[in-house]
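Peer 1: Take 1151 as the starting number for the sequence shown in our numbering and just add one per residue. Cβ coordinates follow ideal geometry from the N, Cα and C atoms, glycine included. Owing to the predicted nature of the structure, the values given are computational and were not obtained by experimental measurement. Here it is: the structure, laid out below.
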Amino acid sequence: MANSKKPGGLREMLESMYSVIALLFILVACVELCDAAAAVDVYRLIQYDMSGSPFGSRFAALNHHAASLHFPPGVDLSRTVLIIPLRELNITFVREYINQKKPLGGLLVLLPEVLNFKTGGNKQDHEKEKMKNLLAELERLLVHSYIPYPVYFAFENDEIDTVLADIKKNDLMGQPATATTGGYKFVIPTAEPKKVATPTMTNIQGWLSGLKTDGDANQLPTIAIVASYDTFGAAPALSVGSDSNGSGIVALLEIARLFSLLYSNPKTRGRYNLLFGLTSGGPYNYNGTQKWLRSFDQRLRESIDYAICLNSIGSWDNELWIHVSKPPENAYIKQIFEGLSNVAEELDLKVGLKHKKINISNPRVAWEHEQFSRLRVTAATLSELSVTPELLESTGGLFDTRQYVNETAIVRGVKLVAESLARHIYGHQGKNIQIFADESSLAVNPAYIRSWLDVLSQTPRVAPFLSKDDPFVMALKKELAGHVDEVNVQHETLEGIFTFYDSTSARLNIYQVASVTFDLLLLLVLGSYLIVLFSFLVITTRGLDDLISLFRRPPSRKLKTA
1151 MANSKKPGGL REMLESMYSV IALLFILVAC VELCDAAAAV DVYRLIQYDM SGSPFGSRFA
1211 ALNHHAASLH FPPGVDLSRT VLIIPLRELN ITFVREYINQ KKPLGGLLVL LPEVLNFKTG
1271 GNKQDHEKEK MKNLLAELER LLVHSYIPYP VYFAFENDEI DTVLADIKKN DLMGQPATAT
1331 TGGYKFVIPT AEPKKVATPT MTNIQGWLSG LKTDGDANQL PTIAIVASYD TFGAAPALSV
1391 GSDSNGSGIV ALLEIARLFS LLYSNPKTRG RYNLLFGLTS GGPYNYNGTQ KWLRSFDQRL
1451 RESIDYAICL NSIGSWDNEL WIHVSKPPEN AYIKQIFEGL SNVAEELDLK VGLKHKKINI
1511 SNPRVAWEHE QFSRLRVTAA TLSELSVTPE LLESTGGLFD TRQYVNETAI VRGVKLVAES
1571 LARHIYGHQG KNIQIFADES SLAVNPAYIR SWLDVLSQTP RVAPFLSKDD PFVMALKKEL
1631 AGHVDEVNVQ HETLEGIFTF YDSTSARLNI YQVASVTFDL LLLLVLGSYL IVLFSFLVIT
1691 TRGLDDLISL FRRPPSRKLK TA
């Protein structure tokens, strides 16, 4: 009876031991994975091809240890993610690293919370102008470079600041994170980016019909007010373009609202048709504007006296610029300039004129009005920018957020354009008559401008990542429809020299991992403990002789045969 209980007792003891071991490993795993892990939203540097040449960040997945700028000289960073706060960034260092094609596992740039359109709308930063210039330079460098590793942006917060402080501390002590020493590991488990198939552009057209007298067979002349609404920046998921060209969109909507009030009454309806165009593809040589204009029949195109394109009018102090392609001596150009100048003088503002000829053989289109000029339609662009922007620049980058836009500047811009247009439409040129006077029923509405500026400043609008029925596009169409007689939507495919790739945002998992030395030591301790525990159980249940027999060398086959 006693002997028959021993095997059962040993089996029970072994089962208990296995349960303890399993529990122990589960507890260790939970401590390692749950207690040390953190997750942060990150936004990937844009990836695109231009004329077949690759630009931007070419990879998305990440699984490397992290280091700060305090890494030891000469260290191999090919399997390391470099984490750099924008406030500490040395643009020369980054430029040299990229231009010299030094190996790097990945790059994470931490942006100040003041730039976060999701949470930083009301925060102030006394260094924001310095940050703006630095970020603009960094963005210009990254967008126009080929970078063979993942590059991400994230916003500073308490969680990631704590991680960065630990990383800096270890780096300063000469203990950078590696597989041998342990440290922090950054992991983004995502699929590699794929090409965006047939990216679409959506143009929205609004029409306010002028007053036509009975028996008049002639077509009324048309004035077009146009603004491009999409953006381009280093991180598509962050490119809200509050100024470029959120300010132009807001101004167009307010101008449409003001003239809808006038045109709703036959007594004050002008003898001009008003054409409003919210166009897409602006950063890409105004590709959407080109297709929109080519969709016009010849009769409509010939009826356009002139077009005014609104571009970046939200952060100027006292002077705006009128950019034109036709000579200043042109009758319509003189009319536009004199009309705006007269109103500007009354508002104590300045308006300058910039003339730049277009080269029909050059596909590069720097201003939206140039697409009109190529079709022999008189047009001008009103902008705070005095210099022609380079390709893919001044199109709503990381620094172009609500913090850098002055809604008062937009209000003044709307007054300037609306008064000039109204005086031309109603024949009041040269007269000091305020049609949209303050405190009147036709006054510019700052609250309306503010509300739409807030919406645009929270909405990334990079065209290749906007669908045909995107909620923002639908909201824009609905708003314009409330101010005009007729709205039409045109869907086109973005064509030309650009190819874009998806995977614009992700979730970064941060793990605090132990070193290999620690893992080996832990394994040794656990192994020793299990051997001692096993020996104890065998001795207490079966005796010392059985334990010794387990380690005794078995007899050879020859001995067994004998």
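Closer than 8 Å is the cut-off here; do at least three beta carbon pairs connect the segment 1456 to 1469 with the segment 1531 to 1544?
Peer 2: Touching, yes.
Peer 1: Please classify Arg1526: is it buried, with 16 or more other beta-carbons within 10 angstroms of its beta-carbon, or exposed?
Peer 2: That one is exposed.
Peer 1: Are the segment 1536 to 1545 and the segment 1377 to 1385 touching by the rule of at least three beta carbon pairs closer than 8 Å?
Peer 2: Counting Cβ pairs under 8 Å, three or more are found: they touch.
Peer 1: Jot down the residue ranges of each uninterrupted beta strand (DSSP E) in the segment 1197 to 1257, minimum 3 residues, whole runs only, in chain order.
Peer 2: Counting only runs of 3 or more, we get 1197 to 1200, 1203 to 1207, 1212 to 1217, 1230 to 1235.
Peer 1: Check for me: the alpha helix (DSSP H) holding Leu1450 runs from which residue to which?
Peer 2: Note, Leu1450: alpha helix (DSSP H), 1448 to 1453.
Peer 1: DSSP state of Gly1563, grouped into three classes?
Peer 2: Here Gly1563 sits in helix by DSSP.
Peer 1: Would Lys1344 be called buried (16 or more neighbouring beta carbons within 10 Å of its own) or exposed?
Peer 2: Looking at its Cβ environment, which holds fewer than 16 other Cβ atoms inside 10 Å, Lys1344 is exposed.
Peer 1: Am I right that Val1561 and Ile1599 are in contact with their C-beta atoms under 8 Å? What's the rounded C-beta distance?
Peer 2: Yes, they are in contact, since the Cβ atoms of Val1561 and Ile1599 sit about 6 Å apart, within 8 Å.
Peer 1: Using only the alpha-carbon positions, how far apart do Gly1391 and Gly1431 sit?
Peer 2: So the alpha carbons of these two residues sit roughly 14 Å apart.
Peer 1: Please state if the CB of Ser1218 and the CB of Gly1255 are separated by a distance shorter than 8 Å.
Peer 2: No.
Peer 1: For the candidate residues Ala1374, Asp1652, Phe1487, Lys1476, whose alpha-carbon lies nearest to that of Ser1453?
Peer 2: It is Ala1374.
Peer 1: With DSSP run on the structure shown, which of helix, strand or coil describes Asn1638?
Peer 2: It is a strand residue.
Peer 1: When the Cα atoms are used, what is the spatial distance from Leu1674 to Val1337?
Peer 2: Each residue's Cα considered, the two are about 28 Å apart.
Peer 1: Would you list, in sequence order, the uninterrupted beta strand (DSSP E) runs of no fewer than 3 residues that lie entirely inside the segment 1553 to 1605?
Peer 2: Runs found: none.
Peer 1: When DSSP labels each residue in this structure, what does Thr1418 get in the three-state scheme?
Peer 2: Correct three-state label for Thr1418: coil.
Peer 1: Does DSSP put Trp1466 in a helix, in a strand, or in coil?
Peer 2: Correct three-state label for Trp1466: coil.
Peer 1: May I ask which residues mark the beginning and end of the alpha helix (DSSP H) holding Leu1658?
Peer 2: No alpha helix (DSSP H) contains Leu1658, which is instead part of the beta strand (DSSP E) from 1655 to 1663.
Peer 1: At the level of alpha carbons, what is the spacing between Glu1263 and Tyr1554?
Peer 2: C-alpha separation (whole angstroms): 14 Å.
Peer 1: Taking contact to mean 3 or more Cβ pairs, one atom from each stretch, closer than 8 Å, check whether the segment 1483 to 1501 and the segment 1433 to 1441 are in contact.
Peer 2: Output reads no: the segment 1433 to 1441 does not touch the segment 1483 to 1501.
Peer 1: With 16 as the cutoff for other CB atoms within 10 Å, does Lys1484 come out buried or exposed?
Peer 2: Exposed, since its Cβ has fewer than 16 Cβ neighbours within 10 Å.
Peer 1: Using DSSP with H/G/I as helix, E/B as strand and the rest coil, what is Lys1476?
Peer 2: In the structure shown, Lys1476 sits in coil (DSSP, three-state: anything other than H, G, I, E or B).
Peer 1: Looking only at its chain, what residues have a beta carbon closer than 6 Å to the beta carbon of Leu1257, apart from the 5 residues adjacent to it on each side?
Peer 2: Hits under 6 Å: Leu1232, Val1301.
Peer 1: Classify Glu1518 as buried or exposed, calling it buried when 16 or more other Cβ atoms lie within 10 Å of its own Cβ.
Peer 2: Label assigned to Glu1518: buried.
Peer 1: So for Lys1627, helix, strand or coil by DSSP?
Peer 2: Residue state, collapsed to three classes: helix.
Peer 1: Can you check which of these residues, Ala1457, Leu1370, Ser1394, Asn1468, is closest to Arg1421 by C-alpha distance?
Peer 2: Of the listed residues, the one whose Cα sits closest to Arg1421 is Leu1370.
Peer 1: Please identify the residue among Gly1427, Asn1415, Val1493 whose C-alpha is closest to the C-alpha of Gly1360.
Peer 2: Selected option, being the one with the closest Cα: Asn1415.
Peer 1: In whole angstroms, what separates the C-alpha of Gly1333 from that of Val1293?
Peer 2: If I take the Cα positions, the gap works out to 31 Å.
Peer 1: Nearest to Leu1477 by alpha carbon, out of Arg1290, Gln1662, Ser1523?
Peer 2: A quick correction: the sequence has Pro, not Leu, at residue 1477. The candidate whose alpha carbon is nearest that of Pro1477 is Ser1523.
Peer 1: What are the boundary residues of the beta strand (DSSP E) that His1633 is part of?
Peer 2: Here His1633 belongs to no beta strand (DSSP E), and DSSP marks it neither H nor E.
Peer 1: Residues in its own chain within less than 7 Å of Pro1596 by CB, not counting five upstream and five downstream?
Peer 2: Cβ within range, chain order: Glu1557, Val1561.
Peer 1: Please report the Cβ distance between Ala1377 and Leu1424, rounded to the nearest whole angstrom; I am assuming they are in contact, meaning their Cβ atoms lie under 8 Å.
Peer 2: At roughly 14 Å, the Cβ-Cβ gap does not stay under 8 Å, so Ala1377 and Leu1424 are not in contact.
Peer 1: From Leu1644 to Pro1349, what distance separates their C-alpha atoms?
Peer 2: So the alpha carbons of these two residues sit roughly 6 Å apart.
Peer 1: Determine whether the beta carbon atoms of Ile1248 and Leu1291 lie at a separation below 8 Å.
Peer 2: Yes, the Cβ-Cβ distance between Ile1248 and Leu1291 is below 8 Å.
Peer 1: Hey, Ala1216 and Leu1408: beta-carbon distance below 8 Å or not?
Peer 2: Cβ distance not < 8 Å, so Ala1216 and Leu1408 don't count as in contact.
Peer 1: Apart from the five residues on each side of it in sequence, which residues of its chain come closer than 7 Å, Cβ to Cβ, to Gly1713?
Peer 2: Residue 1713 falls outside the range modelled here, since the chain spans only 1151 to 1712, and no answer is possible.
Peer 1: If Ser1716 and Tyr1296 are in contact, beta carbons under 8 Å, what's the gap, nearest whole angstrom?
Peer 2: In this structure the chain extends from 1151 to 1712, so residue 1716 is not present and cannot be described.
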